[in-house]
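**Student:** My questions will all concern the structure given below.
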Amino acid sequence: MGDANPTNTLHSAARNGFAARAATYAQARPDYPAAVEAWLREAMGLGPGSVAVDLGAGTGKFLPRLLATGASVTAVEPVAAMRSELSSRHPGVTALDGTAEAMPLPEASADAILCATAFHWFATPAALGEMRRVLKPGGRLGLVWNIRDDTPVWAQAIAAIVERHARDAPRRRDDAWRALFPGHGFGPLADTRLVHSQFGPIEVIVDRALSISFIAALPPEVQAEVAEEIRMAVAHAPELAGDLVTLRYETLCCRADRLD
């Protein structure tokens, strides 16, 4: 049911970076595509009368898609600043302080657990054991990420700037988390990929980078240097000319079934 200090398992980049940039995260990170709602209904089995947990819910970016299914949703998020941002944006959703390894939820209480842009932070057997505890027999685990298209030259330049500061922060892109499946009480992963785009002023590119946990955890003067490097990297990209820009993403949705 949770330990006395649920933030003690968090990587320092997540604990410090997300606390420092919760508002930036909420504003700059892309929403999730409407097509995710069909995946939630069909692959994850969510609908009126079902119970879902948004684990590592952050500022609540994924909540609108979950709530659209008609399911009853509880959010679990260990960083107080993120949880506060979530509650201000979604006051009707119960937001609990907890980690993937210690959720303050009863055994066999959820039909589905969703981890949106979060699972790489807690991809461990211990976390999967706790998820299996909370899921009902036949329950489903869903892992979702918005993956930015890094094929444009300017996007590759930004990726290189960001990577210099990554250190040992867990990343979705290394795919290490996939090695946990099948196993630890779950079946194999089934992938669904959706096309997605984010629209906004060019500054959203800078804010998106500043919302990355290990960038947000840097000293303010270093963050300012990173922001200026990124502005220079995108200054002359022809596809970014104009008042609004389009950032292209692929949304990766993975499902794994709880095994009896």
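In this text, residue positions in the sequence shown follow the working numbering: the first is 475, and each later residue adds one.
Quick reminder that beta carbons are idealized off the backbone N, C-alpha and C, glycines included.
Provide the residue(s) that pair with Asp-464 in DSSP beta bridges, ordered along the chain.
**Tutor:** The requested residue 464 does not occur in the structure, where the chain is confined to residues 475 to 734.
**Student:** Pull up the DSSP beta-bridge partners for Tyr-723, would you.
**Tutor:** Arg-622 and His-670
**Student:** Assuming contact is defined by CB atoms lying nearer than 8 Å, are Cys-727 and Trp-513 in contact in what I supplied?
**Tutor:** yes
**Student:** If Ala-730 and Phe-660 are in contact, beta carbons under 8 Å, what's the gap, nearest whole angstrom?
**Tutor:** Going by Cβ atoms, the distance from Ala-730 to Phe-660 rounds to 4 Å, so yes, they are a contact pair.
**Student:** Assign Phe-660 to one of three DSSP states: helix, strand, or coil.
**Tutor:** Looking at Phe-660 - three-state DSSP - the assignment turns out to be strand.
**Student:** Tell me whether Thr-543 is buried or exposed, calling it buried when 16 or more other Cβ atoms sit within 10 Å of its Cβ.
**Tutor:** buried
**Student:** Apart from the five residues on each side of it in sequence, which residues of its chain come closer than 6 Å, Cβ to Cβ, to Ala-665?
**Tutor:** The residue asked about is misnamed: residue 665 is Asp in this sequence, not Ala. Here the set comprises Cys-728.
**Student:** Considering only C-alpha positions, which residue in the set Ala-707, Pro-522 and Pro-538 is nearest to Ala-634?
**Tutor:** For Ala-634, the closest C-alpha among the options Ala-707, Pro-522 and Pro-538 is that of Ala-707.
**Student:** So, using beta-carbon positions, are Ala-531 and Ala-549 closer together than 8 Å?
**Tutor:** yes
**Student:** Hey, is the segment 688-702 in contact with the segment 622-642, meaning 3+ C-beta pairs nearer than 8 Å?
**Tutor:** yes
**Student:** Quick check on the DSSP output: the alpha helix (DSSP H) that includes Asp-681 runs from which residue to which?
**Tutor:** 677-684
**Student:** Hey, quick one: how far does the alpha helix (DSSP H) through Val-608 stretch, first residue to last?
**Tutor:** 599-608
**Student:** Considering only their Cβ atoms, is the gap separating Leu-540 from Leu-588 smaller than 8 Å?
**Tutor:** yes
**Student:** Between Ala-711 and the rest of its own chain, which residues show a CB-CB distance below 8 Å, the 5 nearest in sequence each way excluded?
**Tutor:** Pro-626, Val-627 and Trp-628
**Student:** To the nearest angstrom, how far is the alpha carbon of Leu-529 from that of Asp-717?
**Tutor:** 36 Å
**Student:** If you draw a straight line from the alpha carbon of Met-518 to that of Thr-720, how long is it in whole angstroms?
**Tutor:** 30 Å
**Student:** What is the DSSP secondary structure of Val-527, counted as helix, strand or coil?
**Tutor:** Three-state DSSP puts Val-527 in a strand.
**Student:** With burial defined as no fewer than 16 other Cβ atoms inside 10 Å of the residue's Cβ, what is the status of Thr-573: buried or exposed?
**Tutor:** buried
**Student:** At what residue ranges does the segment 533-572 contain a whole run of the alpha helix (DSSP H), taking only runs of 4 or more?
**Tutor:** 537-541 and 554-563, all fully within the segment 533-572.
**Student:** For Arg-614, count neighbouring C-beta atoms within 10 Å of its own C-beta (all shown protein chains included) and say buried if the count is 16 or more, exposed if not.
**Tutor:** buried
**Student:** Taking buried to mean at least 16 other C-beta atoms within 10 Å of its own C-beta, is Val-696 buried or exposed?
**Tutor:** exposed
**Student:** For Ser-671, is the classification buried or exposed, using 16 other Cβ atoms within 10 angstroms of its Cβ as the cut-off for buried?
**Tutor:** exposed
**Student:** With a threshold of 6 Å on Cβ separation, who are the neighbours of Pro-599 within its own chain once the five nearest residues in sequence on each side are excluded?
**Tutor:** His-658
**Student:** Taking DSSP's pairing of strands, which residues face Ile-587 in a bridge?
**Tutor:** Answer by DSSP bridge pairing, in chain order: Val-527 and Leu-615.
**Student:** Who does Ala-576 pair with in a DSSP beta bridge?
**Tutor:** Thr-573
**Student:** Skipping 5 residues on each side, what residues in its chain have a beta carbon closer than 6 Å to that of Leu-631?
**Tutor:** With the sequence shown as reference, residue 631 is identified as Ala, and Leu is not the correct amino acid for it. If we look at Ala-631 and ignore the five residues flanking it on each side, its Cβ neighbours are Ala-707.
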